[in-house]
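What follows is one structure encoded as structure tokens, with my remarks underneath.
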Amino acid sequence: LPRNGGGSFRFMVRPAPGNEMDVRLYDADVHTEGSHLLGAVAVRTAGQTFELLSVDARLDPLALDFIKRVSGRELPYGGTLTGTVRGRDGELNFDVTANLTAEGVSKPFATDVTGLATFRAGNVALRRLTAKLNAFPMEALKPLVPNLPFQGEVTGTVALNGPPNRAPLNLDVRLDVAGGVA
Numbered sequence: 743l744p745r746n747g748g749g750s751f752r753f754m755v756r757p758a759p760g761n762e763m764d765v766r767l768y769d770a771d772v773h774t775e776g777s778h779l780l781g782a783v784a785v786r787t788a789g790q791t792f793e794l795l796s797v798d799a800r801l802d803p804l805a806l807d808f809i810k811r812v813s814g815r816e817l818p819y820g821g822t823l824t825g826t827v828r829g830r831d832g833e834l835n836f837d838v839t840a841n842l843t844a845e846g847v848s849k850p851f852a853t854d855v856t857g858l859a860t861f862r863a864g865n866v867a868l869r870r871l872t873a874k875l876n877a878f879p880m881e882a883l884k885p886l887v888p889n890l891p892f893q894g895e896v897t898g899t900v901a902l903n904g905p906p907n908r909a910p911l912n913l914d915v916r917l918d919v920a921g922g923v924a
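Heads up, the sequence shown is in the working numbering, so the first residue is 743 and it goes up one at a time.
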């Protein structure tokens, strides 16, 4: 947990089977490291591991740098997420606006993102995602698609259903590229 920041919340801790504990934070209003989180979260923990039981949170905003530090994972973007995350038993529905920065992109860009992610055994997986793009810079896609041969901007909706490594990618996109539109 971060050393800096503050806020308030109510909590409950109770024993669970197998030397585990249920920890519930509710009525939370916490700010730290460029993030402001409101709502409730419940986890079951056994020391170093935890299972997400439920979440009902408003991100106002949540800094991606904070996510990087807490998760120990690199992310291809900087910036913030603003919106809601709700769910139970590791199933997280989200409705957020991502205000992003990326290496090689001169100005910040934004997209509205909704979907469902699973959080189990410390792993996050997307199951359904819809991103609405409006003049989204193609250069910002390079971290995800390194050899992208296009320049320009993308406008439209990108929908992903199922695990990203197995699902078809459904696209509804207007692609404005140098020299034309697709």
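Glycine is no exception: its CB is placed at the ideal position from the N, C-alpha and C atoms.
Which residues in the same chain as residue i place their Cβ atom closer than 7 Å to its Cβ, once the five residues preceding and following it in sequence are excluded?
i    : result
R800 : L780, G781, T826
K810 : E816, L817
How would you call residue i, buried or exposed, if buried means at least 16 neighbouring beta carbons within 10 angstroms?
i    : result
M754 : exposed
L834 : buried
A882 : buried
V896 : buried
G829 : buried
L886 : exposed
If you draw a straight line from the alpha carbon of residue i to that of residue j, how long is it in whole angstroms?
i    : j    : result
R766 : V785 : 6 Å
Y819 : L858 : 20 Å
E793 : G832 : 7 Å
F861 : L868 : 9 Å
P879 : D807 : 21 Å
V923 : F892 : 11 Å
With a CB to CB cut of under 8 Å and the five nearest residues on each side skipped, what residues in its chain are close to residue i?
i    : result
D769 : S750, F751, R752, A782
D802 : H778, L779, L780, T824
E762 : R786, T787, A788
Who are the near neighbours of residue i in its chain, counting only those whose CB is closer than 6 Å to its CB and skipping five residues on each side?
i    : result
V866 : A859
G821 : L806, N841, L842, T843
Just confirm the distance between the C-beta atoms of residue i and residue j, as a whole number of angstroms; I'd bet it's less than 8 Å.
i    : j    : result
T774 : G747 : 3 Å
Suppose only complete runs of 3+ residues qualify. What are the beta strand (DSSP E) ranges in the segment 792–858, listed by chain order? 792–805, 820–830, 833–843
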